[in-house]
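Q: Take a look at this one; I'll ask things after.
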């Protein structure tokens with residue numbers, strides 16, 4: 001079950017103190033999920049003893065986020081067999097690597113988004129992914145074409 | 001380098017900082033695992049040097065009343081040619097795995113009974129892609145991403161959701177069946193012959209047991225469609241190959257449909273073509289009677305106790321053949337040429353340690369679509385299949 | 001739900017297919033629905049018998065198996081139970097068993113012992 005902003009909000013101080021730079025705790029919860037803010041930005045959580053239990057719980061449920069890249073992409077290696085569907089279907093690869101990944105070969109550009117190393121999918125340069133950065137879009141092409149659902153995204 | 005893990009023969013493999021790039025997991029294990037349990041030269045269980053092993057092999061072959069050469073699907077064309085010469089010298093039988101794999105289909109292609117195409121042409125032109133009785137996810141992992149559904153092609157450059165139509169036919173929802181989502185179809189087949197009939201009736205506008213009207217309509221839209229058939233198709237036909245070939249040819253009157261066999265060892269097609277060049281048949285051949293017959297397949301010969309000696313190259317029949325064949329292998333004197341210490345190698349009378357084709361020894365292989373690929377080994381072993389088979393031929 | 005046990009066996013449909021790389025141990029992949037209905041769990045040992053031959057397999061679950069049975073990977077274990085008429089699919093009986101999964105050596109033993 002993917003983590004939602006509500007799951008995070010329930011464990012925050014809910015005082016809307018604005019110390020993190022956001023207007024409300026709910027807004028902070030969203031930014032936390034997007035990796036735009038870190039848990040440490042919520043000073044009261046760390047400085048006030050009454051939030052100790054909540055802090056511990058938050059650190060626990062946020063642990064999967066550490067495994068995800070900044071695009072929210074998680075690869076379960078034990079399900080990956082290096083079939084390469086994701087690499088070839090990726091619209092960014094098609095555009096930037098028309099003589100390599102675009103026609104089914106191994107990536108020819110220097111830093112593709114990902115490639116197969118030792119039989120498994122390995123992320124190389126997630127900056128190129130359309131899900132990354134300020135103008136991100138919710139592209140799901142790689143996940144949709146993985147035969148074993150080895151690729152998943154944080155938002156579900 | 002070129003991976004020889006399966007009949008895809010992927011040519012874009014790179015080794016960088018001791019990491020294998022671009023090869024799928026199956027290929028990676030093939031390329032990197034080759035230093036593992038290797039067999040040793042043995043004669044009747046005792047370790048010997050390679051010369052003694054080869055001499056013993058020659059002796060056993062000379063004293064054979066009826067011999068068969070088997071395997072050869074994982075070795076190079078050069079080695080296969082020498083094996084055919086040995087079979088001719090011995091007036092023995094020769095057969096490979098294709099007799100229980102897709103031999104009938106390769107034969108139909110080589111004898112021009114059904115139309116075929118190269119995988120590069122499929123990538124550039126094919127619209128409807130039918131995977132029938134094959135699950136490339138496990139047998140040819142990069143097939144869809146390298147050759148068919150996903151890559152952009154010369155005339156198919158708008159991507160898989162606009163320029164490809166995927167059809168998966170299987171008895172269960174396999175891994176590639178899961179990919180048949182939009183602009184695609186999965187058919188859970190119970191009877192392949194009835195499915196063929198459904199296609200033929202659909203051409204006349206009639207409905208039958210399976211709903212294939214949409215597939216037929218899509219095929220009509222294009223001037224290039226491809227059908228990949230695997231073992232599920234072969235065993236589903238239950239011997240009725242002609243029925244299937246008539247069906248493919250019939251479809252071609254309606255829309256171009258090319259057949260490519262799918263799912264086998266790296267150089268199985270290579271053996272079929274090598275033998276075909278020499279004697280006009282693809283497998284199950286007897287040099288004494290100079291003809292091919294289903295009774296001359298390795299499995300039939302062993303089961304009916306028609307051979308007393310077998311030269312087994314790069315295959316493991318004790319593991320890969322049904323028990324009623326493998327249990328009879330005890331009665332056959334076995335000479336195994338293999339780099340791996342397979343179950344058959346462990347139980348053979350003579351074992352000769354060879355090299356991994358494509359990794360430690362070069363040569364040529366033929367991909368599943370008939371394209372010849374020149375291998376690029378990363379090492380050079382002195383004792384490989386060609387060396388061993390040449391010496392055996394000379395010794396005879 | 002009838003849980004299969006030592007005293008009760010049920011019939012299942014098996015597909016023999018290439019799976020992963022090489023299969024050195026006896027594993028059968030059951031469809032989760034079939035496993036649930038029969039009370040088989042991941043990690044169980046089952047005895048699969050066809051005619052006079054039977055072998056013990058370790059159970060894993062896989063959703064690409066047929067819904068009324070399982071997938072046995074291409075291996076010496078599949079070949080012990082099958083023949084060329086039923087090379088890619090067959091029906092067999094399944095029952096819960098104890099002990100460990102069968103080993104390749106056990107099958108070789110039956111071959112070499114038939115002297």
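Protein chains in written order, with the UniProt record's numbering: chain A, 1 to 156; chain B, 1 to 396; chain C, 1 to 115.
Glycine included, every Cβ here is placed at the ideal spot set by N, Cα and C.
Ignore the nearest five residues each way along the sequence and tell me which others in residue 68 of chain C's own chain have a CB closer than 7 Å to its CB.
A: 12, 13, 34, listed in sequence order.
Q: Report the neighbours of residue 176 of chain B on chain A: residues whose CB is nearer than 7 Å to its CB, in chain order.
A: Result: 147.
Q: Please report how far the alpha carbon of residue 277 of chain B lies from the alpha carbon of residue 81 of chain C, in whole angstroms.
A: About 37 Å.
Q: By how many angstroms is the C-alpha of residue 73 of chain B removed from the C-alpha of residue 362 of chain B?
A: Distance between the alpha carbons of residue 362 of chain B and residue 73 of chain B is about 15 Å.
Q: According to DSSP, is residue 170 of chain B helix, strand or coil?
A: Strand at residue 170 of chain B.
Q: Going by beta-carbon coordinates alone, are residue 27 of chain C and residue 58 of chain C separated by less than 8 Å?
A: Yes; because the gap between Cβ atoms is below 8 Å, this pair is in contact.
Q: Taking three-plus beta-carbon pairs below 8 Å as touching, is the stretch 94 to 103 of chain B in contact with the stretch 126 to 144 of chain B?
A: No contact exists between the stretch 94 to 103 of chain B and the stretch 126 to 144 of chain B.
Q: At 3 residues or longer, what runs of the beta strand (DSSP E) sit wholly inside the stretch 51 to 109 of chain B?
A: For the stretch 51 to 109 of chain B, whole beta strand (DSSP E) runs of length 3 or above, ordered along the chain, are 67 to 71, 93 to 95.
Q: Spell out whether any CB of chain A is found under 8 Å from the CB atom of residue 139 of chain B.
A: It does not; no Cβ of chain A falls within 8 Å.
Q: Just to confirm the assignment, what range does the beta strand (DSSP E) spanning residue 311 of chain B have?
A: From DSSP, the beta strand (DSSP E) with residue 311 of chain B extends over 309 to 313.
Q: Return the Cβ separation of residue 76 of chain B and residue 267 of chain B in integer angstroms, given the expectation that the two are a contact with Cβ distance under 8 Å.
A: With 8 Å as the limit, residue 76 of chain B and residue 267 of chain B qualify as a contact, their Cβ atoms being about 7 Å apart.
Q: Taking the alpha helix (DSSP H) that residue 78 of chain C belongs to, which residues open and close that run?
A: First-last of the alpha helix (DSSP H) with residue 78 of chain C: 76 to 81.
Q: Residue range of the beta strand (DSSP E) that residue 270 of chain B falls in?
A: It is not in any beta strand (DSSP E) - residue 270 of chain B instead sits in the alpha helix (DSSP H) that spans 268 to 279.
Q: Using only alpha-carbon positions, find the residue among A:99, A:50, A:154, A:79 that is nearest to residue 122 of chain A.
A: Checked all of A:99, A:50, A:154, A:79; the closest Cα to residue 122 of chain A is A:79.
Q: For residue 20 of chain B, go through chain A and note every residue whose CB falls closer than 9 Å to its CB, in chain order.
A: Within 9 Å Cβ-Cβ: 116, 117, 118, 119.
Q: Per the DSSP calculation, residue 132 of chain B is bridged to which residue(s)?
A: Residue 132 of chain B is bridged to B:169, B:229.
Q: So which of B:308, B:172, B:49 has the shortest CA-CA distance to residue 89 of chain C?
A: Of B:308, B:172, B:49, the residue nearest in Cα terms is B:172.
Q: With a cut-off of 8 Å, does the C-beta of residue 338 of chain B fall near any C-beta of chain C?
A: Residue 338 of chain B does not count as touching chain C.
Q: Would you give the residue range spanned by the beta strand (DSSP E) that residue 32 of chain C belongs to?
A: First-last for residue 32 of chain C: 32 to 38, but that is the alpha helix (DSSP H), not the beta strand (DSSP E).
Q: Strictly under 8 Å for the Cβ-Cβ distance: is residue 116 of chain C near chain B by that measure?
A: The first residue shown for chain C is 1 and the last is 115, placing residue 116 of chain C beyond what the model contains.
Q: Based on DSSP bridge pairs, tell me the residues matched to residue 379 of chain B.
A: Beta-bridge pairing links residue 379 of chain B to no other residue.
Q: Closer than 8 Å, CB to CB, is residue 59 of chain C near chain B or not?
A: False, the Cβ-Cβ gap to chain B never drops below 8 Å.
Q: By the three-class DSSP mapping on this structure, what secondary structure does residue 262 of chain B have?
A: Coil at residue 262 of chain B, not helix or strand.
Q: Quick one: what's residue 351 of chain B bridged to in DSSP?
A: Note: residue 351 of chain B sits in a beta bridge opposite B:42, B:336.
Q: Using a Cβ-Cβ cut-off of 6 Å (strictly less than) and excluding sequence neighbours within five positions of residue 186 of chain B, which residues of its own chain qualify?
A: Closer than 6 Å at the Cβ level, and outside the excluded window around residue 186 of chain B, lie 168, 177, 180.
Q: Let's test the definition: count the other Cβ atoms within 10 Å of the Cβ of residue 290 of chain B and tell me whether it reaches 16, buried, or not, exposed.
A: Exposed is the call here.
Q: At 9 Å on the CB atoms, spell out the chain C contacts of residue 347 of chain B, in chain order.
A: Per Cβ cutoff of 9 Å: 108, 111, 112.
Q: Using a C-beta cutoff of 8 Å, does residue 62 of chain B count as contacting chain C?
A: Output row for residue 62 of chain B: interface = no.
Q: In whole angstroms, what is the alpha-carbon distance linking residue 112 of chain C and residue 326 of chain B?
A: Roughly 10 Å between the two C-alpha positions.
Q: According to DSSP, simplified to helix, strand and coil, what is residue 126 of chain A?
A: Here residue 126 of chain A sits in helix by DSSP.
Q: In this structure, how does DSSP classify residue 125 of chain B when only helix, strand and coil are distinguished?
A: It is helical.
Q: The stretch 148 to 173 of chain B: which residues have C-beta closer than 7 Å to a C-beta of chain C, in chain order?
A: Hits within the stretch, in order: 171, 172, 173.
Q: Label residue 110 of chain C either buried or exposed according to how many other C-beta atoms from any shown protein chain fall within 10 Å of its C-beta, with 16 as the threshold for buried.
A: Residue 110 of chain C should be labelled exposed.
Q: Output, in chain order, the set of chain A residues within a Cβ distance shorter than 7 Å of residue 376 of chain B.
A: Those do not exist, as residue 376 of chain B stays about 15 Å from chain A at its closest Cβ, beyond 7 Å.
Q: Just to confirm my understanding: we take residue 4 of chain B, look at its own chain, exclude 5 residues before and 5 after, and list those with CB closer than 8 Å. What are they?
A: Excluding positions up to five away in sequence, the list reads 30, 74, 266, 267, 356, 357, 358, 359, 365, 375.
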